[in-house]
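> Numbering (my numbering), first residue to last: 410 to 919.
Glycine included, every Cβ here is placed at the ideal spot set by N, Cα and C.
(1) Kindly indicate the opening and closing residues of the alpha helix (DSSP H) around residue 474.
(2) Which of helix, strand or coil does DSSP assign to residue 780?
(3) Classify residue 468 as buried or exposed, calling it buried when 16 or more other Cβ atoms lie within 10 Å of its own Cβ.
(4) Tell me the residue span of the beta strand (DSSP E) that contains residue 902.
(5) Taking 7 Å as the threshold (C-beta atoms), are residue 703 and residue 662 in contact?
(6) Hey, would you say residue 601 sits closer than 7 Å to residue 610, going by beta carbons?
(7) Looking at C-alpha atoms only, which residue of 626, 575, 660 and 740 is the closest neighbour of residue 463?
(8) Which value, in whole angstroms, describes the spacing of the CA atoms of residue 767 and residue 690?
(9) Give the secondary structure of residue 820 by DSSP, where H, G and I count as helix, E and B as strand, and everything else as coil.
(10) Are residue 748 and residue 715 closer than 7 Å when you measure CB to CB?
(11) Restricting to Cα atoms, I'd like to know which of 788, 680 and 738 is closest to residue 756.
(12) So the alpha helix (DSSP H) residue 861 belongs to, where does it begin and stop?
(13) Can you tell which of 901, 477 and 625 has the C-alpha that lies nearest to the C-alpha of residue 597?
(14) Bridge partners for residue 650 per DSSP, in chain order?
(15) Excluding sequence positions up to five away, which residues of its chain have a Cβ less than 6 Å from the Cβ of residue 492?
(16) In whole angstroms, give me the CA-to-CA distance for residue 818 and residue 852.
(17) Kindly list the residues whose CB is nearer than 8 Å to the CB of residue 465, restricted to its own chain and excluding five residues on each side of it in sequence; keep chain order.
(18) Which residues mark the beginning and the end of the alpha helix (DSSP H) in which residue 730 is found?
(19) To which residues of the same chain is residue 909 closer than 8 Å at the C-beta, ignoring the five residues directly before and after it?
(20) Tell me whether residue 642 sits in a helix, a strand or coil according to DSSP, three-state version.
(21) Going by DSSP in three states, residue 934 sits in which element: helix, strand or coil?
(22) Enumerated in chain order, which unbroken segments of the beta strand (DSSP E) with a length of 3 residues or greater are wholly contained in the segment 488 to 544?
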């Protein structure tokens, strides 16, 4: 920091005593000031190798600041940076072990919280920005960075431009709501009542060559590019940011790829590496999906996969089967992280959220199947950061004390006498096993190939605690119970959950 008062006095004295020396010093100070002003403080602190990126030793997972991390989260809103009491909410997440949030660049707030400047006359000026919107965005980036929380940005959300709830009627992008362009100039309409799944909004076809493209949309694309570049002017300064182009899009891939190209080019200009993807709506269809398949063979654009939409419509074993198939397809070529920025579960929505416990089950199936991130969707379609979500995150962090999930992989074939959706197993056979019971139960664990004894620990998913005084009650010949804390190798031993509810058994070779 330059002490302007000190240098002012110094220069005044030099002007009187030594004019030639004064000129030299002035040139030096001006040069130094330009350098300091042009560099954002974050540029000086963040090394490229410390930014969020696939783990060098296992690129199916993320690393941050040089260390591998499992990303877990839950928050009460999607457009996180516009939330009230955000700082307290981030601290609440940090306290339970959450380190992953979703942030849609929302356009659906009240008029005072849009990205563009609202004029006194009630219309927006698309050439000027709303300082409050962007101040909140930068605060969110700084506060999450301070807490080592990873932010996954979604640049566009099709529901922000729909007629539903009058969102389009008050949108700055609507020609009737700004002073910069008209309906005739852009070919945009006053209303868009079709379901966003139908992909009928020209806003998402402003790229030449797209089906609904019209040269009049070039002016819209100019403002779209300005918006993305404004966003990047903040986000590229931080190393805790991932970039997803859309929320559950059904728009052709060319739209998202255009924005990936722009983001990667701006990052390259700044000398930083970023990681990009897109989220397609039909992921839940698994093998029958059409849009999602583009991510499997294109790791240059889809540098990680967000397969969140598998976390709706499917339950129990169906969810597990489609989930594991998707992860295997993503990693068939170049291995990449598979993210879940939202897990449905709650509200019994017609698109298949189910209840809160369904969200809990999906969370655990996700991380056991090899996903790099898992975050509860906001209410009322998800657990958000309710007590169930907090307990799950705490339980997962307890599990990590004994077993890192990149050390194990699914081994369902080692479970015997298992009912559908009763239990799920990941393991490094002969060394460590993680057995998840969805709601109590009892299964056989095949240890026949590996002799010896195995220590057993229980983690309660319901309460998010290690229950150290729970052991397997085994009756002795006198009919009493003795404490037995070991499983025997060389056999198919029985593992029974202590009580109802979700449980994780951590089984380690002694």
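On the basis of the data shown:
(1) Position 65 of the chain shown, counted from the first residue, corresponds to residue 474. Neither: residue 474 is in no alpha helix (DSSP H) and is coded neither H nor E.
(2) One-based indexing of the chain shown puts residue 780 at position 371. Coil, per DSSP.
(3) Residue numbering aside, residue 468 sits at position 59 when the chain shown is read from its first letter. Buried.
(4) The count along the chain shown starts at 1 and reaches residue 902 at position 493. Run containing residue 902: 901 to 905, per the beta strand (DSSP E) assignment.
(5) The sequence position of residue 662 within the chain shown is 253, counting from 1. The sequence position of residue 703 within the chain shown is 294, counting from 1. In contact: residue 662 and residue 703 (Cβ atoms closer than 7 Å).
(6) As a working note, residue 601 is residue 192 in the chain shown. As a working note, residue 610 is residue 201 in the chain shown. Going by C-beta atoms, residue 601 is nearer than 7 Å to residue 610.
(7) Taking the chain shown and counting its residues from 1, one reaches residue 463 at position 54. When the alpha-carbon of residue 463 is set against those of 626, 575, 660 and 740, the nearest one is in 740.
(8) Indexing the chain shown from 1 puts residue 767 at position 358. Indexing the chain shown from 1 puts residue 690 at position 281. Rounded to the nearest whole angstrom, the C-alpha separation of residue 767 and residue 690 is 20 Å.
(9) Working through the chain shown from its first residue, we reach residue 820 at position 411. Here residue 820 sits in coil by DSSP.
(10) As a first step, residue 748 is located in the chain shown; it is residue number 339 there, counting from the start. As a first step, residue 715 is located in the chain shown; it is residue number 306 there, counting from the start. Yes.
(11) Taking the chain shown and counting its residues from 1, the one referred to as residue 756 is at position 347. When only C-alpha atoms are compared, the closest one is 788.
(12) As a first step, residue 861 must be located in the chain shown, where it is residue number 452. No alpha helix (DSSP H) holds residue 861; DSSP gives it neither H nor E.
(13) Position 188 of the chain shown, counted from the first residue, corresponds to residue 597. Ranking 901, 477 and 625 by Cα distance to residue 597 puts 625 first.
(14) Locating residue 650 in the chain shown gives position 241, where the first residue counts as 1. In DSSP, residue 650 forms a bridge with 560.
(15) On the chain shown, residue 492 is found 83 positions in, with the first residue counted as 1. Residues of the same chain with a CB within less than 6 Å of the CB of residue 492, apart from the 5 flanking positions on each side, are 486 in chain order.
(16) By one-based count along the chain shown, residue 818 stands at place 409. By one-based count along the chain shown, residue 852 stands at place 443. The alpha-carbon atoms of residue 818 and residue 852 are separated by roughly 18 Å.
(17) Looking up residue 465 in the chain shown gives position 56. Once the five neighbours on either side are set aside, the close Cβ partners of residue 465 are 472.
(18) Against the chain shown, residue 730 aligns to sequence position 321. For residue 730, the uninterrupted alpha helix (DSSP H) run begins and ends at 725 to 739, by DSSP.
(19) Mapped onto the chain shown, residue 909 falls at position 500. These residues qualify, in order along the chain: 848 and 849.
(20) Numbered from 1 along the chain shown, position 233 holds the residue referred to as residue 642. It is helical.
(21) With the chain represented from 410 up to 919, any question about residue 934 goes unanswered, as that position is not in the structure.
(22) Secondary structure in the segment 488 to 544: the beta strand (DSSP E) runs of 3 residues or longer, each lying completely within the stretch, are 509 to 513, 525 to 527 and 533 to 538 in chain order.
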